[in-house]
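These protein sequence lines are chains Z and X, in that order. All residue numbers for the first sequence refer to full-length UniProt numbering, where the first residue is 1 and numbers rise by one. All residue numbers for the second sequence refer to full-length UniProt numbering, where the first residue is 1 and numbers rise by one. Idealized CB from N, CA, C, for every residue including glycine.
Protein chains: 2
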Amino acid sequence: MSEEREKVELEEDELLSAISHHKLDEFRNIFLEQHPYDQAKFFIKLDQEERLILYQFLSPEEMAAVFENIEDEDDQYETYLSEMDPTFAAQMLAQMYADDAVDVLNELDKDQVASYLTIMDDEAAEEIRELLHYEEYTAGSIMTTEYIAIHANQTLNSAMQILKNEAPNAETIYYVFVIDEDKKLVGVISLRDLIINEPDAMVSDIMNERVYSVSVGEDQEEVARKMKDYNFLALPVIDFRGHLLGIITVDDIVDVIDEEASDDYSKLAAVSDVDSQDRGPLSAAKKRLPWLIILLFLGMFTASLIGRFEDTLNQVAILAVFIPLIAGMAGNTGTQALAVAVRRISVGDHEEQSLSKMLLREAGTGLITGTICGIVVTLVVFVWKGDIFLGMLVGISILATLTVATIAGAFIPLIMHRLKVDPAVASGPFITTINDIISILIYFGMATLFMQYLL
Amino acid sequence: MSEEREKVELEEDELLSAISHHKLDEFRNIFLEQHPYDQAKFFIKLDQEERLILYQFLSPEEMAAVFENIEDEDDQYETYLSEMDPTFAAQMLAQMYADDAVDVLNELDKDQVASYLTIMDDEAAEEIRELLHYEEYTAGSIMTTEYIAIHANQTLNSAMQILKNEAPNAETIYYVFVIDEDKKLVGVISLRDLIINEPDAMVSDIMNERVYSVSVGEDQEEVARKMKDYNFLALPVIDFRGHLLGIITVDDIVDVIDEEASDDYSKLAAVSDVDSQDRGPLSAAKKRLPWLIILLFLGMFTASLIGRFEDTLNQVAILAVFIPLIAGMAGNTGTQALAVAVRRISVGDHEEQSLSKMLLREAGTGLITGTICGIVVTLVVFVWKGDIFLGMLVGISILATLTVATIAGAFIPLIMHRLKVDPAVASGPFITTINDIISILIYFGMATLFMQYLL
């Protein structure tokens, strides 16, 4: 842990006592020195009584910085705002970066939003309204309108002046975007370029006309990939006519990448959302039960399938011994294939290769792994039970199962993707249970077929 | 897809023909206009013959930009370098950002590295040597030494001059780090501050003395979290005495976050690495087989366990019907608990809460889900088979299994973490198989115990 972090934790007690003793100056001296993220971490630890005092201690602008850095506590925003004096809350929202303010407002119901926007100064309210109506998870929903735009036909020096004036409000000053008279995006110039070139050079000569942009409706995952690949610090967002609507900054993208990853991860494990917060067992159970119940009934179906083979089982009870082995292996290969498929889809590779090619590849993989595992099993069972037929039955079942299960594991997410369903929903346990069913059918089907050799 | 991207793809053919017809100027006119990432994407599509021509067309510096943007192709670096004239290769490496050059050199064997470093100009070679000996996945391994450092006792204006001079070589100019005479890090000042404040103000008055830093040995995941939480564009790296060694820029961190996430993801699915590249079935099989074989033998062990209950099975074959259901449910809850635990560990939450507290919570979750699923199963089986004892047997097994499996799913990764093993290694299928075993023992144990009611 860094010194700085330790220092912050030492200060926590001082801040708390300053609050409880209403020592305004003492509190402000320490608190305003801290990084907003530390301020936010401190804030969410407070109880209501302490928060009410804190609102007295800070200006709307100072409180805005704290609010911008609150994480994963969406459900709390409403509580916090309702505690504040409405005017204070409105002023705070106005002071926040528009995109962050929108994140907060999205947690409130329409009436509340409307009332805050009415008591807010018009300019800020306007900015926020613009952003409010963009769909979640699109470029529009994570962009900010606080960017710096200049015209091509001016000198770097004059551009620098604009930049100096707007710097306090702009979310980033490291890219300046160049627009023409009807607000069309025509170029970009980095602060780096502004500084290292001659002040009297024209923007048009220095600017990069090949500017990468994203359209306002684009999926945030798409935006994240572009930002990552090209190492941009900010990306301009345009409408279908090429008008500059806003920008997306890298700090928001870092959060998106993290979100999306943990989202895929949760789904692979069949948890609606693996949050890092410590919740009680009840809320945890609530998150997991829906999946478990679905899987339970799929499992019952598997059971009923085996039920159909009860005669076979009555004659050769030993068959039951290998059910978990075969079903388990089917699940394992399925999950592997699934993970590869989902991952490949999410990095957008699927566009470059045809469905059939991918399935062919998985089929090949399944055949290879199946053959090897099959041979191993046949030998082990033969040595263990001294029954070569049983060994072959299990071995061949494994071979068939692994092949089919691998294809299924890759095929299902791909189909879902084609159907515009998030393929990550085809979670590990889901695929596993599907493959249980497939494997049982193969195993017992063959057992019933070759019964005479087993008796 | 953005216009820019389309344009790049149209240019591809022109570039190819320019190469095949050895049209140097035509090639350079188009190629050098492109973003380095697009250049890299074009480069890796070329065959050797084409690449050899390209090396003739570009300067080492231009080639360096391409090389810095090659991704996931580590295994190729060696090929590319061996094709180049050694001096050209060395000059190119010297022109690359030190941290990127190190990534490349890490793929070569020691002799090759040494030989490139000897024909490289000394300054660059020195920078690279410094970085080469840091352990992988530490802050040191991803930092760069090309940062801008100034002293506190100078004016913003003079600082600005230094910045202008060093801008071309520095990896970022948006943070300038302030050091004292013995190179200790004492503060940071953003380019934003440099610009909006009076040129004759002193650095010491403007700089932020509360500068967050990471120590050179710190895990890159740790660094990524800090950068994400605090929205930094760059973080300084210091040694244990507080000397500034280098900086880590956000673009490298974006890659780290992506890497680590897909790493956890792969392991949850028991694939050594879910890469997005399209590999042949053979290499895919090679990646998955090791896991499958291990799981195969764990599965054989499960089978041998059931084997011990053969008498029970012979008497009540119907028991076999519910094996996949119970084993499956155990696997599912286990995976869920595992994912939550791994995720919580990877966001560092574990430090804030005790092991026991976490396990208690999981036990509670298991009990709740277990009870509900247990009741459901009991009823379904009773209705289906008309046998309340069988129903209760299966139901209670589910209850017991889910509770134990949930605890195991959370406990195993936590223990691994304590033992400094990456908990993500406890992959879904691994936990699943462990839980298969647990569930079989519970189920058949109880069945044997209460045999008389089932007959």
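Inter-residue spacing [alpha-carbon to alpha-carbon] between residue i and residue j
i	j	result
valine 223/Z	leucine 117/Z	29 Å
methionine 446/Z	isoleucine 323/Z	13 Å
aspartate 38/X	leucine 46/X	13 Å
glutamate 127/X	asparagine 165/Z	39 Å
threonine 433/Z	glycine 331/Z	7 Å
serine 82/Z	phenylalanine 57/Z	17 Å
leucine 313/Z	leucine 419/X	44 Å
leucine 163/X	lysine 228/Z	26 Å
proline 86/Z	aspartate 255/Z	29 Å
alanine 317/Z	leucine 441/Z	17 Å
phenylalanine 43/Z	arginine 51/Z	7 Å
phenylalanine 232/X	valine 377/X	52 Å
serine 158/X	phenylalanine 88/Z	42 Å
proline 36/Z	serine 17/Z	20 Å
alanine 408/Z	arginine 361/Z	12 Å
serine 141/Z	methionine 120/Z	21 Å
methionine 96/X	aspartate 109/X	19 Å
valine 250/X	valine 176/X	15 Å
leucine 24/X	aspartate 200/Z	34 Å
isoleucine 53/Z	alanine 64/Z	16 Å
threonine 172/X	threonine 302/X	56 Å
As assigned by DSSP and simplified to three states, the class of residue i
i	result
proline 168/Z	coil
isoleucine 150/Z	strand
asparagine 197/X	coil
isoleucine 70/Z	coil
residue 456/Z	Shown here, chain Z extends from 1 to 455; a query on residue 456/Z therefore has no answer.
leucine 298/Z	helix
histidine 350/X	The pLDDT assigned to histidine 350/X is 47, lower than 50, so where the model puts this residue is not dependable; a value taken from the coordinates is nonetheless given after this. Reduced to three states, the DSSP call for histidine 350/X is helix.
histidine 243/X	strand
valine 223/X	helix
valine 214/X	strand
Span of the beta strand (DSSP E) around residue i
i	result
valine 138/X	Rather than valine, the amino acid found at residue 138/X in this sequence is threonine. Looking at the DSSP string, threonine 138/X is not in any beta strand (DSSP E), and its letter there is neither H nor E.
glycine 428/Z	Looking at the DSSP string, glycine 428/Z is not in any beta strand (DSSP E); the run it does join, the alpha helix (DSSP H), is 428-449.
Where the alpha helix (DSSP H) containing residue i begins and where it ends
i	result
alanine 234/X	No alpha helix (DSSP H) holds alanine 234/X; the beta strand (DSSP E) holding it covers 234-238.
tyrosine 265/X	250-268
phenylalanine 177/X	From DSSP, phenylalanine 177/X is part of no alpha helix (DSSP H) but of the beta strand (DSSP E) over 175-179.
serine 204/Z	203-206
glycine 386/X	Run containing glycine 386/X: none; DSSP gives neither H nor E here.
isoleucine 30/X	24-31
valine 104/Z	98-105
valine 188/Z	Segment 185-190 is the beta strand (DSSP E) holding valine 188/Z; no alpha helix (DSSP H) there.
alanine 114/X	110-119
aspartate 13/Z	3-20
methionine 92/Z	86-95
lysine 420/Z	Segment: none, lysine 420/Z is in no alpha helix (DSSP H) and carries neither H nor E.
isoleucine 318/X	From DSSP, isoleucine 318/X is part of no alpha helix (DSSP H); its letter is neither H nor E.
glutamine 39/X	36-45
leucine 54/Z	48-57
Burial state of residue i (16 or more Cβ within 10 Å)
i	result
serine 213/Z	buried
valine 188/X	buried
glycine 246/X	buried
threonine 79/Z	exposed
glutamate 209/Z	exposed
glutamate 68/X	buried
proline 453/Z	Looking at the sequence shown, residue 453/Z is not proline but tyrosine. Exposed, since its Cβ has fewer than 16 Cβ neighbours within 10 Å.
isoleucine 150/X	buried
proline 290/X	exposed
glutamate 49/X	exposed
asparagine 435/Z	buried
Worksheet entry | Members of the segment 423-447 of chain Z near chain X, C-beta cut-off 7 Å | So the close ones are Gly428, Pro429, Thr432, Thr433, Asp436 and Ile440.
Discussion item. Along the segment 22-54 of chain X, where does the CB come closer than 9 Å to a CB of chain Z? Name the residues.
Written reply: Going along the segment 22-54 of chain X in chain order, one finds Glu33, Gln34, His35, Pro36, Tyr37, Asp38 and Lys41 with a Cβ nearer than 9 Å to chain Z.
Worksheet item: If you measure beta-carbon to beta-carbon, which residues of the segment 320-337 of chain X are closer than 9 Å to chain Z?
Response: Cβ contacts with chain Z come from Ala320, Val321, Phe322, Ile323, Pro324, Leu325, Ile326, Ala327, Gly328, Met329, Gly331, Asn332, Thr333, Thr335, Gln336 and Ala337.
Worksheet item: Of all the residues that make up the segment 356-385 of chain X, which are near chain Z by a beta-carbon distance shorter than 9 Å?
Response: For the segment 356-385 of chain X, the set of residues with a beta-carbon nearer than 9 Å to any beta-carbon of chain Z comprises Lys357, Met358, Leu360, Arg361, Glu362, Ala363, Gly364, Thr365, Gly366, Leu367, Ile368, Thr369, Ile372, Cys373, Val376, Val377, Val380, Val381, Trp384 and Lys385, in chain order.
Item to complete: Could you please tell me which residues of the segment 114-138 of chain Z, in chain order, have their CB closer than 9 Å to any CB of chain X?
Response: Residues: none.
Worksheet item: Between the segment 295-322 of chain Z and chain X, which residues of the former have CB atoms less than 7 Å from a CB of the latter, in chain order?
Response: Answer set for the segment 295-322 of chain Z: Leu295, Leu296, Gly299, Met300, Thr302, Ala303, Ile306, Gly307, Glu310, Leu313, Asn314, Ala317, Ile318, Ala320, Val321 and Phe322.
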